[in-house]
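Colleague: Read in order, the letters of the sequence shown are residues 1003 to 1163 in the working numbering. Structure provided below as structure tokens; questions to follow.
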Amino acid sequence: MEEQDRSSQPRPPHVLIFPLPLQGHINTMIKLAELLPIAGFKLTFLNSHHNHKRLVKFNNIAAHFERYPGFEFKTITDGLPLDHPRSGSWFLDMFEETMEPKMKQSLREVLVNSSPPVDCVIADGFLGFALDVAKEVGIPIIIFFIPAVLVVSGFLILSLI
């Protein structure tokens, strides 16, 4: 009877968090990712292979999140070769042409094949293509804008400086 009761219980909402593959954006999204499992959500944190390796190596992030039931890491390609140095101005040079198409395709595959199905995506505000992919597969999306107010105000009043 207990088994029947468990199967009739609704599953927790499944949220996928998808940060821009830069350390500051990942760190902020990880802070958000810590809150959702505590509230009972199943959470998938989608990161690039490269950045996930760095998190595991330098922060022991997997052990930290073991205490949160329903939390999992998934990794996708960022479109760059594994031996790419990823330093300096590489990001601006590579993102639109190389990284975005690969990440878009990988995101689509994760959303379509996820089990349990993803109920909502929380994507970095700089990943505009995530909005298109989520809409395409029929999953609600929340755009999470990472930069601090000071940074945004700098862009908005640049002409006054």
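All C-beta atoms in this analysis are idealised placements derived from N, C-alpha and C, irrespective of residue type, glycine included. Treat the numbers as computed from the prediction; the structure is a model and nothing was measured.
Express the C-alpha separation of D1080 and N1062 in angstroms, rounding to a whole number.
Modeller: As a working mapping, residue 1062 is identified with position 60 in the sequence shown. As a working mapping, residue 1080 is identified with position 78 in the sequence shown. In a straight line, the C-alpha of N1062 is about 21 Å away from that of D1080.
Colleague: Compute the Euclidean distance between the alpha carbons of S953 and T1077, then round it to the nearest angstrom.
Modeller: Any question about residue 953 goes unanswered here, given that the chain covers just 1003 to 1163.
Colleague: To which residues of the same chain is I1028 closer than 7 Å at the C-beta, ignoring the five residues directly before and after it?
Modeller: On the sequence shown, residue 1028 is found 26 positions in, with the first residue counted as 1. For I1028, where only same-chain residues beyond five positions count, the Cβ hits under 7 Å are P1021, N1049, N1053.
Colleague: Evaluate E1004 with the Cβ neighbour count: other Cβ atoms within 10 Å of its Cβ, from every protein chain shown; 16 or more gives buried, anything less gives exposed.
Modeller: What you label residue 1004 is simply residue 2 of the sequence shown in a count that begins at 1. Here E1004 scores only 49 on pLDDT, less than 50, and its place in the model should not be relied on; the value that follows carries that caveat. Exposed, by the Cβ-count rule.
Colleague: Along the chain, where does the beta strand (DSSP E) that runs through N1049 open and close?
Modeller: In the sequence shown, counting from the first residue as 1, residue 1049 sits at position 47. It spans 1044-1050 - the beta strand (DSSP E) in which N1049 sits, taken as one unbroken run.
Colleague: Could you give the DSSP three-state label for D1134: helix, strand or coil?
Modeller: Translated into positions along the sequence shown, residue 1134 becomes position 132. Note: D1134 maps to helix in three-state DSSP.
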